[in-house]
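Offset between the sequence shown (1-based) and our numbering: plus 9.
Positions of the beta carbon are idealized from the N, C-alpha and C atoms, including for glycine.
Right, one structure below, let's go through it.
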Amino acid sequence: MAALYRVLSRTMPVAVRGSGLRAFSYQHIIVAKKGGQQNVGLIQLNRPKALNALCNDLMTEVNQALDSFERDAQIGAIVITGSEKAFAAGADIKEMQNRTFQDCYGGNFLAHWNVICSVKKPVIAAVNGYALGGGCELAMMCDIIYAGEKAQFGQPEILLGTIPGAGGTQRLTRAVGKSLAMEMVLTGDRISAQEAKEAGLVSKVFPVEKLVEEAVACGEKIANHSKLVVSMAKEAVNGSFELTLAEGTRLEKRLFHCTFATDDRKEGMTAFVEKRKANFTDH
Ligand code: HXC
10 MAALYRVLSR TMPVAVRGSG LRAFSYQHII VAKKGGQQNV GLIQLNRPKA
60 LNALCNDLMT EVNQALDSFE RDAQIGAIVI TGSEKAFAAG ADIKEMQNRT
110 FQDCYGGNFL AHWNVICSVK KPVIAAVNGY ALGGGCELAM MCDIIYAGEK
160 AQFGQPEILL GTIPGAGGTQ RLTRAVGKSL AMEMVLTGDR ISAQEAKEAG
210 LVSKVFPVEK LVEEAVACGE KIANHSKLVV SMAKEAVNGS FELTLAEGTR
260 LEKRLFHCTF ATDDRKEGMT AFVEKRKANF TDH
């Protein structure tokens, strides 16, 4: 893992390598394309001295990188990771320390954190180390969470005299149920990777040094499917968080019908019947 992070640290900004992505020079993140077909976008949070505390500039850069990957036709999935010690230790407390109600409310503080929720391509969080406060919330905004076996998840805002502000009370409760979410939010206690797995917060736990490659492998598997249909599947699953069962199943049915307007649905079924591998074209 350390080796992978060293390699990532040496990686030039993607645009510099002529990838077609928009040119940004990033200060707090490292961006690369991974996978055999370079079809998985990797965003590594890289503010090690502050344990990847999510300052305003870092989140702005994450949004720019997400936008670049979203526009890149080659990319079929995105992985967000941090370091071995910290995915992210939360929103930047030093940046928030002197904020007032007036500028939080008046300036809609942290509104730009929601950008990740509108990304159509699947986003996988690969969490090693601390995922606390906004770090846990950022992971929960992703579509899949993989954890390294030493990961720790928590919503410790109560210890700072505040509460989660980027979905922690809502997404955590939906993921792990009321009792555990309430306990974590009210005590500030953390849970381990294994507890997070048992509670349904993360789907898989890996050895620390294997985590990112496993997340990229998952991203590759997804990226090899029809990107169009993958986005429809993601939209349908996400509908379950917002809609009644009747509305959700209606949305699902409509999206299912929509797949019949695609070349990829035809190719997928034809390939099955012809006993060959499907060749999806994202049309
Ligand atoms: C700013 C942070 C930080 C944070 C750590 N650092 N977390 N800076 N914001 N959230 C900085 C420390 O100040 C320190 O820098 C350096 O990172 C290393 O941290 P240490 O505390 O010395 O490390 P350690 O002893 O290993 O403890 C690790 C830790 C602890 C348990 C993760 O740092 C910690 O409790 N951090 C705060 C976690 C937290 O409360 N998160 C929620 C934030 S509120 P210096 O320069 O001082 O040495 C939040 C609200 C979200 O997220 C609302 C919506 C987004």
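Under the criterion of a Cβ to heavy atom distance below 7 Å, does residue i qualify as lining the ligand HXC?
{"i": "GLY143", "result": "yes"}
{"i": "GLU146", "result": "yes"}
{"i": "GLY174", "result": "yes"}
{"i": "GLY99", "result": "yes"}
{"i": "LYS5", "result": "Residue 5 lies beyond the range of the chain shown here (10 to 292); nothing can be said about it."}
{"i": "TYR35", "result": "no"}
{"i": "TYR139", "result": "yes"}
{"i": "ALA293", "result": "The chain is shown from 10 up to 292; residue 293 falls before or after that span and cannot be answered."}
{"i": "ALA62", "result": "yes"}
{"i": "GLY59", "result": "A small correction: the amino acid at residue 59 is Ala; Gly does not occupy that position in the sequence shown. Yes, since a heavy atom of the ligand HXC falls inside the 7 Å radius drawn around the Cβ of ALA59."}
{"i": "MET166", "result": "This sequence places Glu at residue 166; Met is not what is there. Yes, the Cβ of GLU166 comes within 7 Å of a heavy atom of the ligand HXC."}
{"i": "LEU54", "result": "no"}
{"i": "LEU119", "result": "yes"}
{"i": "LEU252", "result": "no"}
{"i": "LEU67", "result": "no"}
{"i": "LEU195", "result": "no"}
{"i": "LEU181", "result": "no"}
{"i": "LEU169", "result": "yes"}
Going by DSSP, what residue range makes up the beta strand (DSSP E) through residue i?
{"i": "TYR139", "result": "139 to 141"}
{"i": "THR90", "result": "86 to 90"}
{"i": "LYS43", "result": "38 to 43"}
{"i": "ALA134", "result": "132 to 136"}
{"i": "ALA95", "result": "95 to 97"}
{"i": "GLN53", "result": "49 to 54"}
{"i": "LEU201", "result": "Going by the sequence as given, residue 201 is Ser instead of Leu. Segment 199 to 201, the beta strand (DSSP E) holding SER201."}
Between which two residues does the alpha helix (DSSP H) carrying residue i extend?
{"i": "THR268", "result": "254 to 268"}
{"i": "ARG80", "result": "65 to 80"}
{"i": "PHE250", "result": "236 to 251"}
{"i": "VAL124", "result": "Segment: none, VAL124 is in no alpha helix (DSSP H) and carries neither H nor E."}
{"i": "VAL225", "result": "220 to 232"}
{"i": "SER188", "result": "187 to 196"}
{"i": "VAL214", "result": "Run containing VAL214: none in the alpha helix (DSSP H); it sits in the beta strand (DSSP E), 213 to 215."}
{"i": "GLY277", "result": "272 to 282"}
{"i": "GLY115", "result": "110 to 115"}
{"i": "LYS58", "result": "Here LYS58 belongs to no alpha helix (DSSP H), and DSSP marks it neither H nor E."}
{"i": "LYS329", "result": "Only positions 10 to 292 of the chain appear in this structure, which leaves residue 329 out of reach."}
Candidates the options: which alpha carbon is nearest residue i's?
{"i": "ILE200", "options": "ASN72, GLY138, GLN83", "result": "GLY138"}
{"i": "LEU260", "options": "CYS151, VAL246, LEU54, CYS145", "result": "VAL246"}
{"i": "ILE167", "options": "GLU79, THR268, VAL194", "result": "VAL194"}
{"i": "ALA148", "options": "THR196, LYS130, GLY177", "result": "GLY177"}
{"i": "GLY99", "options": "ALA86, SER77, TRP122, ASN107", "result": "TRP122"}
{"i": "ILE133", "options": "GLU256, GLY116, LYS262, VAL88", "result": "VAL88"}
{"i": "LYS160", "options": "ALA82, GLU93, ARG183, LYS219", "result": "The amino acid at residue 160 is misidentified as Lys; the sequence shows Ala. Considering only alpha carbons, the answer is GLU93."}
{"i": "ASP152", "options": "VAL239, GLU204, GLN36, GLY186", "result": "VAL239"}
{"i": "GLY170", "options": "ARG274, GLY142, ARG180, MET150", "result": "GLY142"}
{"i": "SER212", "options": "GLY91, ALA287, VAL136, PHE289", "result": "VAL136"}
{"i": "CYS126", "options": "ASP273, LYS243, CYS64, LEU252", "result": "LYS243"}
{"i": "GLY197", "options": "PRO173, GLU218, LYS206", "result": "PRO173"}
{"i": "PHE250", "options": "ALA205, SER235, LYS230, MET150", "result": "MET150"}
{"i": "THR182", "options": "TYR155, GLU146, ALA202", "result": "GLU146"}
{"i": "TYR155", "options": "GLN111, GLY115, GLY91, CYS113", "result": "GLY91"}
{"i": "LEU54", "options": "PRO165, GLN47, ARG80, MET68", "result": "MET68"}
{"i": "ALA95", "options": "PHE118, GLY163, GLN47, SER77", "result": "GLY163"}
{"i": "PRO57", "options": "ALA208, ASP101, GLU207", "result": "ASP101"}
{"i": "GLN73", "options": "ALA97, GLY85, LYS43, SER34", "result": "SER34"}
{"i": "GLY257", "options": "PRO216, MET241, PHE269", "result": "MET241"}
{"i": "HIS37", "options": "LYS275, CYS64, ARG285, ASN48", "result": "CYS64"}
{"i": "LEU51", "options": "GLY45, ALA59, ILE39", "result": "ILE39"}
{"i": "LEU75", "options": "PHE110, MET105, PRO131", "result": "PRO131"}
Let me check you understand the geometry: is the CB of residue i closer than 7 Å to at least one non-hydrogen atom of the ligand FMN?
{"i": "LYS103", "result": "The ligand FMN is absent from the structure shown, which contains only the ligand HXC."}
Which runs of the beta strand (DSSP E) spanning at least 3 residues fall entirely within the segment 150 to 185, listed in chain order?
-> Complete beta strand (DSSP E) runs here, min 3: 153 to 157, 161 to 163.
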